[in-house]
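Peer 1: Numbering (my numbering), first residue to last: 5 to 545.
Take this structure first; my questions come after.
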């Protein structure tokens, strides 16, 4: 076989990385270039369609199930493809970025699935993008270990049969990869870089291990976006010569528009679909983003006051379970983001009880599995699902035909009694500044106040500040949400951080930059669709 032609893609503004030639081969880059050539124009059309749909929501302040796809919803005959053995039991899934230590710990965690994240839990530095791919390939070839320089502790993989199954999450449609450009200097969508490199190097390798190339699809806003992914999958499988249907995808229902198209999304991906996931923080962010000028009835209270028992969140999760099981797909529950404290057993006790209650509720509602952010939470979640599932791999036989959700139920935000509070504003500012600062240092998953925060929680934080100010919210202490109040709280937080960590550490970080960026995306009249878009322009590496 002749050597592949040099890729038409160029690597720009990137320092060489150790072993990058193992990931950025001519053959792999040629595949990514072909994905870019074939599918980026349609990606661009779909991004434009998002803007049109958002303008329509701003005009009408409502959403409904699509009349043009009613026949798909009414047709009871179709199902998604049966789950492969490696994805049939998903009762606990752990999430996290693909750095070397996390790769080993997640695979060893005892969870059935690891969501290997190139999206919200990973800041897309070139190092994270390329070396994350290398870490996954090394894991599959058992060429991976890690020694913590600070503690001297060593990490190594358990036997293959004890390892979690990997479901990889590429970046969303809206994000480009500035370090990889075509002949016209146009960046390749990050989704094609992440998916393309991973699939090209590992599809056959995973099949040889008795598993397969499995993906989580983030930020999907419509069934047309799912259709594009399906077209990518069909092309990719033919390109490398593996059977159609080998790829399996779980779609995150983390946008309010996608919640109205769950069945259609599964239908578009039916030969490759394995389930839907209830991504709660991005879902709340999407509600604020889409209905931000819809008036007082769409104002969300503090994010921690919006529990999964809120009526509009119950409608969302119960509709997801019913939809998945009707179509033979897995329904995967939301994130338990608590990070256990090594110093405070009382904090742990309270948090563990909340996690247990959350997972008990999901299991009893019919979910087939759920997410955790820390290995210590795996046994708690496992116990909740074991109690309901027993020896069964899932509960797809629970059809939840008792669930009836109307279009209005999904956006009944004013069914909540809770109101925004001044403490909620302070927390949003604190989380926003601290998360963005870490992100600018290349960290996408960050422990803040005993919670694992990622880009989704930063998005809800800045969106709530924006919404409360623009809705003229008055807090319980009499203060009104204004740009001036947000700036005052942000200045106080910056000063508190300086005192907390000391001048030297403060100067070495990106604190002022994070402060300024949070205020920009929280206060600008022109609302940025995604915080990560302006943040990426400031991300070094």
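Beta carbons: idealized from backbone N, C-alpha and C, even for Gly.
Given the structure is predicted, the values throughout are model-derived calculations rather than measurements.
Does the separation of the CB atoms of residue 83 and residue 331 fall below 7 Å?
Peer 2: Contact: yes.
Peer 1: Using 7 Å as the threshold, is the C-beta distance between residue 343 and residue 456 below it?
Peer 2: Contact flag set, yes.
Peer 1: Measuring alpha carbon to alpha carbon, tell me which residue in 480, 411, 542 is nearest residue 71.
Peer 2: Comparing Cα-Cα distances from residue 71 to each of 480, 411, 542, the minimum goes to 411.
Peer 1: Can you name the start and end residues of the beta strand (DSSP E) that residue 121 belongs to?
Peer 2: Note, residue 121: beta strand (DSSP E), 117 to 121.
Peer 1: Relative to the alpha-carbon of residue 450, which residue among 166, 147, 126 has its alpha-carbon at the smallest distance?
Peer 2: For the residues 166, 147, 126, the minimum Cα distance to residue 450 belongs to 126.
Peer 1: Is residue 42 near residue 193, with beta carbons less than 7 Å apart?
Peer 2: No; because the gap between Cβ atoms is not below 7 Å, this pair is not in contact.
Peer 1: So for residue 503, helix, strand or coil by DSSP?
Peer 2: Reduced to three states, the DSSP call for residue 503 is helix.
Peer 1: For residue 534, does the three-state DSSP call read helix, strand or coil?
Peer 2: Coil at residue 534, not helix or strand.
Peer 1: Tell me the DSSP secondary structure of residue 266 in three-state form.
Peer 2: Of the three classes helix, strand and coil, the one that applies to residue 266 here is helix, per DSSP.
Peer 1: Taking DSSP's pairing of strands, which residues face residue 246 in a bridge?
Peer 2: Partner(s): none; residue 246 has no beta bridge.
Peer 1: Whole-angstrom Cβ separation of residue 465 and residue 432, contact assumed at under 8 Å?
Peer 2: The pair is a contact, with the Cβ atoms about 4 Å apart (cut-off 8 Å).
Peer 1: Mapping the DSSP letters down to three states, classify residue 157 as helix, strand or coil.
Peer 2: Coil at residue 157, not helix or strand.
Peer 1: Among 14, 296, 169, which has the Cα closest to the Cα of residue 63?
Peer 2: Here the closest residue by C-alpha is 296.
Peer 1: Below 7 Å between beta carbons: does that hold for residue 417 and residue 302?
Peer 2: Yes.
Peer 1: Assuming residue 252 is part of the beta strand (DSSP E), what are its boundary residues?
Peer 2: Start and end: 252 to 257.
Peer 1: What residue range is occupied by the uninterrupted alpha helix (DSSP H) comprising residue 278?
Peer 2: Here residue 278 belongs to no alpha helix (DSSP H); instead the beta strand (DSSP E) covers 277 to 282.
Peer 1: Is DSSP giving residue 225 helix, strand or coil here?
Peer 2: In this structure, residue 225 counts as coil in the three-state DSSP scheme.
Peer 1: Apply the 10 Å Cβ neighbour rule to residue 37 and answer buried if 16 or more other Cβ atoms are within range, or exposed otherwise.
Peer 2: The residue is buried, with at least 16 neighbouring Cβ atoms inside 10 Å.
Peer 1: Within 10 angstroms of the Cβ of residue 113, are there 16 or more other Cβ atoms? Answer buried if so, exposed if not.
Peer 2: Result: buried.
Peer 1: Using CA atoms only, rank isn't needed, just tell me which of 136, 99, 398, 277 is closest to residue 369.
Peer 2: Here the closest residue by C-alpha is 398.
Peer 1: In angstroms with no decimal places, state the Cα-to-Cα distance between residue 304 and residue 472.
Peer 2: Answer to the nearest angstrom: the Cα atoms are 8 Å apart.
Peer 1: Looking at the secondary structure, which residues open and close the alpha helix (DSSP H) in which residue 2 lies?
Peer 2: With the chain covering 5 to 545 only, the question about residue 2 has no answer from this structure.
Peer 1: Among the candidates 443, 215, 317, 201, whose CA atom is the shortest distance from the CA of residue 240?
Peer 2: For the residues 443, 215, 317, 201, the minimum Cα distance to residue 240 belongs to 201.
Peer 1: Go through its chain and collect everything with a Cβ distance to residue 284's Cβ below 6 Å, but skip five positions before and after it.
Peer 2: If we look at residue 284 and ignore the five residues flanking it on each side, its Cβ neighbours are 338.
Peer 1: Compute the distance between the beta-carbons of residue 269 and residue 230, then report whether it is under 7 Å.
Peer 2: Yes, the Cβ-Cβ distance between residue 269 and residue 230 is below 7 Å.
Peer 1: Can you grab the Cα-Cα spacing for the pair residue 402 / residue 356, in whole Å?
Peer 2: One C-alpha to the other measures close to 27 Å.
Peer 1: Taking residue 428 as part of the alpha helix (DSSP H), name the residues at either end of that continuous run.
Peer 2: Start and end: 426 to 444.
Peer 1: For a test of the three-state rule: what should DSSP assign to residue 53, helix, strand or coil?
Peer 2: Residue state, collapsed to three classes: helix.
Peer 1: Give every residue of the same chain whose Cβ lies closer than 7 Å to the Cβ of residue 5, excluding the five residues on either side of it in the sequence, and list them in chain order.
Peer 2: Bear in mind that a pLDDT of 42 at residue 5, under 50, signals an unreliable position, so the number given afterwards is only what the model happens to contain. The answer is none, since no qualifying residue turns up.
Peer 1: Am I right that residue 414 and residue 316 are in contact with their C-beta atoms under 8 Å? What's the rounded C-beta distance?
Peer 2: Yes, residue 414 and residue 316 are in contact; Cβ-Cβ is about 6 Å, under 8 Å.
Peer 1: Given residue 92, which residues of its chain have a CB within under 8 Å of its CB, disregarding the five upstream and five downstream residues?
Peer 2: Closer than 8 Å at Cβ, skipping near neighbours: 397, 398.
Peer 1: Residue 176 and residue 195 look like a contact to me (Cβ under 8 Å); what is the Cβ gap, rounded to whole Å?
Peer 2: Right, their Cβ atoms sit about 7 Å apart.
Peer 1: Leaving aside the five residues before and after residue 437 along the sequence, list all residues of the same chain whose C-beta is less than 6 Å from its C-beta, in chain order.
Peer 2: If we look at residue 437 and ignore the five residues flanking it on each side, its Cβ neighbours are 497, 518, 519, 522.
Peer 1: Quick test of the definition: if touching needs 3 or more C-beta pairs under 8 Å, does the region 115 to 130 touch the region 72 to 81?
Peer 2: As far as the Cβ criterion goes, the region 115 to 130 does not touch the region 72 to 81, which means the pair count is below three.
Peer 1: Hey, quick one: how far does the beta strand (DSSP E) through residue 181 stretch, first residue to last?
Peer 2: Note, residue 181: beta strand (DSSP E), 180 to 185.
Peer 1: For residue 31 versus residue 185, is the C-beta distance shorter than 7 Å?
Peer 2: Contact flag unset, no.
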